[in-house]
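Each residue of the sequence shown is one higher than the one before, counting from 5 in the numbering used here.
Glycine included, every Cβ here is placed at the ideal spot set by N, Cα and C.
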Amino acid sequence: MANSILIDQARKDCERFINSLDLDQICRLASSYHGGLPCQVSRVMRYNPFNVGVIVMFPAFPPESWVVRLPIPGLVVWIDEKFEAELATMRYVGAKTTIPIPRVHGYSFTEGSPIQMAFIIMDCIAGRNLVDLDFPFPTQNKACSSEIQDILTRKLYRQLADFCIQLRQLEFPEVGALGLPIVDGRPVYECDPDDIHVRHRPMSMEMCLQEIQGFEAGDKVPPRTTFSTASSFVNEALLRLADNEFDKCSDVGLDTRRGQQYLYARHHFQSFVLDTWLDPGTEKGPFVLMHGELDVTLDNLLFDNDLNLVGVKDWEWSCVVPIQIFVPPVWLVGGPPEWMIGHTTPFNREAGRLVAAIRERETALQLPPQLSIEWDETEWWCHTAIVMALRHPDLTYDVFWHFLFGECVVPIPAYYEYRYTEFYRSVILPLLTEFLATPGRKALLARKMMEQRFFYNAEKNYFKYKEAQRILKE
Numbered sequence: 005m006a007n008s009i010l011i012d013q014a015r016k017d018c019e020r021f022i023n024s025l026d027l028d029q030i031c032r033l034a035s036s037y038h039g040g041l042p043c044q045v046s047r048v049m050r051y052n053p054f055n056v057g058v059i060v061m062f063p064a065f066p067p068e069s070w071v072v073r074l075p076i077p078g079l080v081v082w083i084d085e086k087f088e089a090e091l092a093t094m095r096y097v098g099a100k101t102t103i104p105i106p107r108v109h110g111y112s113f114t115e116g117s118p119i120q121m122a123f124i125i126m127d128c129i130a131g132r133n134l135v136d137l138d139f140p141f142p143t144q145n146k147a148c149s150s151e152i153q154d155i156l157t158r159k160l161y162r163q164l165a166d167f168c169i170q171l172r173q174l175e176f177p178e179v180g181a182l183g184l185p186i187v188d189g190r191p192v193y194e195c196d197p198d199d200i201h202v203r204h205r206p207m208s209m210e211m212c213l214q215e216i217q218g219f220e221a222g223d224k225v226p227p228r229t230t231f232s233t234a235s236s237f238v239n240e241a242l243l244r245l246a247d248n249e250f251d252k253c254s255d256v257g258l259d260t261r262r263g264q265q266y267l268y269a270r271h272h273f274q275s276f277v278l279d280t281w282l283d284p285g286t287e288k289g290p291f292v293l294m295h296g297e298l299d300v301t302l303d304n305l306l307f308d309n310d311l312n313l314v315g316v317k318d319w320e321w322s323c324v325v326p327i328q329i330f331v332p333p334v335w336l337v338g339g340p341p342e343w344m345i346g347h348t349t350p351f352n353r354e355a356g357r358l359v360a361a362i363r364e365r366e367t368a369l370q371l372p373p374q375l376s377i378e379w380d381e382t383e384w385w386c387h388t389a390i391v392m393a394l395r396h397p398d399l400t401y402d403v404f405w406h407f408l409f410g411e412c413v414v415p416i417p418a419y420y421e422y423r424y425t426e427f428y429r430s431v432i433l434p435l436l437t438e439f440l441a442t443p444g445r446k447a448l449l450a451r452k453m454m455e456q457r458f459f460y461n462a463e464k465n466y467f468k469y470k471e472a473q474r475i476l477k478e
């Protein structure tokens, strides 16, 4: 989780980096990969949270656009490792599937770069995401008929089905990130795709955010770490990183969640995942490739004006994961994970429609009903939400109290919503009191509350607020 101060500093770092760029040098660099053909800068933008994209145009017919993608100094860690994993994934997916991947024209790791920083030069795909296209998500009131909405949704889900089916077919014996073959001591993109294997640790945006905040996430999952079982990945990577973030983060959101309930939720969520949720049948794989961001954001799917998928970009957080971690995207209902957690009925409905589309495509492609069965079996009350909380630990509180408490601890009575205070005092509070009686937990809670107060004061001074935020009373 990135706090408000970090987000503001990152915005300023990006602005400074963009202003410092030598655009003539960038043009010369791009031209050197296009036979010396001159080009001009058309746009400079923040390509994603960690990179800047310089869009250059060549005077061809039709005009040809490339993007020179550069990591923002201070916001990207493990640059060469991450670049290699992304290049390896794009090379592999481009060779093994029909998923539209941006063509790579040039790249360099940090050492030996002609511009003294790593870069990737790719096609600039002429497409827009679903939000920019004003796609009528089923839960949003768009100015179109239900018939048109249904037609567009069916077309979208048919293409999502093809995308997900093809990714599911890419199986590997280990969990981790893909790596390129090494030739003369350097990774090489121009290679036989069959020489690409799992070589690196499974990196994620959460892991990167922890590292740039000084939480030493890289020590928790060291370079070259891969996993041969689902449980080792969940326990030694996902849950270890969640513990690391909670321990070292000074802003754990105690203005909207009570500390006692947060500690209780974290403890019981982890116990549920390890003791109940993990499927022994998928423990030893095979493991499958996932994009890394498409389950939570739709920004990286690009479509033309007729809603045809023309590109899938930003594979920098792609990795090979256990099958249970490969889930339908939460944005099917048009919002972020937090929105899905509070609107499970429409999400389950749309996930069911996507599974039906997958089943239809498997039949049309004469494939065995693999992914449709796997996702149909996990289309229950909170499977996707559990995966979201594992990959984004800040969601643990909401996932536990929305779903797991009533299913795994105490059944929630029908009167819960309109007599919550009575239920809290008679049921929840005794459980919290007993939980906090264990040595060390009260001290941990006191430390986190003190850190939270210090952060809110720092936030007040940084943004010059009149008052600091306050912690919720227990």
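Hey, would you say THR388 sits closer than 8 Å to PRO332, going by beta carbons? yes
Does the stretch 91-101 come close enough to the stretch 171-191 to have 3 or more Cβ pairs within less than 8 Å? As far as the Cβ criterion goes, the stretch 91-101 touches the stretch 171-191, which means the pair count is three or higher.
Tell me whether CYS148 is buried or exposed, calling it buried when 16 or more other Cβ atoms sit within 10 Å of its Cβ. exposed
Within 10 angstroms of the Cβ of ILE362, are there 16 or more other Cβ atoms? Answer buried if so, exposed if not. Looking at its Cβ environment, which holds 16 or more other Cβ atoms inside 10 Å, ILE362 is buried.
To the nearest angstrom, report how far apart SER69 and LYS317 are at their CA atoms. Those two C-alpha atoms are separated by around 15 Å.
Whole angstroms are fine: how far does the CA of VAL80 sit from the CA of LEU313? 29 Å
Please list, in chain order, all residues of the same chain as GLY289 whose beta carbon is under 7 Å from its beta carbon, the five residues on each side excluded. PRO177
Output the residue ranges of the beta strand (DSSP E) runs that lie fully inside the stretch 151-202 and measure 3 residues or longer, sorted by chain position. 181-183
Pair within 8 Å by beta-carbon distance, LEU282 and SER235: Yes, Cβ-Cβ distance for LEU282 and SER235 is below 8 Å.
Give me the Cα-Cα distance between THR102 and ASP166, rounded to the nearest whole angstrom. 9 Å
Within 10 angstroms of the Cβ of PRO140, are there 16 or more other Cβ atoms? Answer buried if so, exposed if not. buried
For LEU118, the three-state DSSP class (helix, strand or coil): A small correction: the amino acid at residue 118 is Pro; Leu does not occupy that position in the sequence shown. Residue state, collapsed to three classes: coil.
Measuring only the C-alpha atoms, how far is CYS412 from THR425? 21 Å
Give me whichever residues DSSP pairs with ALA52 in a beta bridge. The sequence shown places Asn at residue 52, rather than the Ala named in the question. DSSP lists ASN55 as partners of ASN52.
Can you give me the C-alpha to C-alpha distance between PRO227 and MET211, rounded to a whole angstrom? 12 Å
Which value, in whole angstroms, describes the spacing of the CA atoms of ASN7 and ASP199? 40 Å
Take ASP299 as the anchor and find which of PHE291, VAL60, PRO341 and GLU240 has the nearest alpha-carbon. PRO341
Inter-residue Cα distance where the pair is GLN163 and ILE129: Each residue's CA atom was taken as its position, placing GLN163 and ILE129 some 17 Å apart.
Could you tell me which whole beta strand (DSSP E) segments of length 3 or greater appear in the stretch 284-310? 291-294 and 305-307
Whether ILE1 touches HIS406 by CB criterion (8 Å): The question about residue 1 has no answer here: the residues shown for the chain are numbered 5 through 478.
C-beta atoms of GLY296 and PRO104 nearer than 8 Å: no
Straight-line Cα distance separating ARG429 from PHE54: In a straight line, the C-alpha of PHE54 is about 45 Å away from that of ARG429.
Is the separation between the beta-carbon of ALA34 and that of ILE125 shorter than 8 Å? yes
Closest to LEU448 by CA distance: which of VAL325, GLY263 and PRO75 is it? GLY263
Which whole-angstrom value is the C-beta distance of PHE276 and LEU408, which I expect to be below 8 Å? 6 Å
At the level of alpha carbons, what is the spacing between ASP188 and ASP196? 16 Å
For PRO42, which residues of its own chain have a beta-carbon under 7 Å away from its beta-carbon, when the five flanking residues on both sides are left out? If you ignore the 5 residues before and after PRO42, its C-beta comes within less than 7 Å of the C-beta of SER35, all in its own chain and listed in chain order.
By Cβ distance below 7 Å, which residues in the same chain neighbour LEU336 in space, the five residues on each side in sequence not counted? PHE351, GLU354, ALA355 and LEU358
Give the DSSP-derived three-state secondary structure of GLY257 in the structure shown. coil
For ARG132, which beta-bridge partners are listed by DSSP? PHE307
By a C-beta neighbour count over all protein chains shown, 10 Å radius and 16 as the cutoff for buried, is ARG73 buried or exposed? buried
Determine the DSSP secondary structure at LEU137, reduced to helix, strand or coil. coil
Look up ARG515 in the DSSP assignment and give the residues it is bridged to. For the chain, the structure presents residues 5 to 478; residue 515 sits outside this window and is missing.
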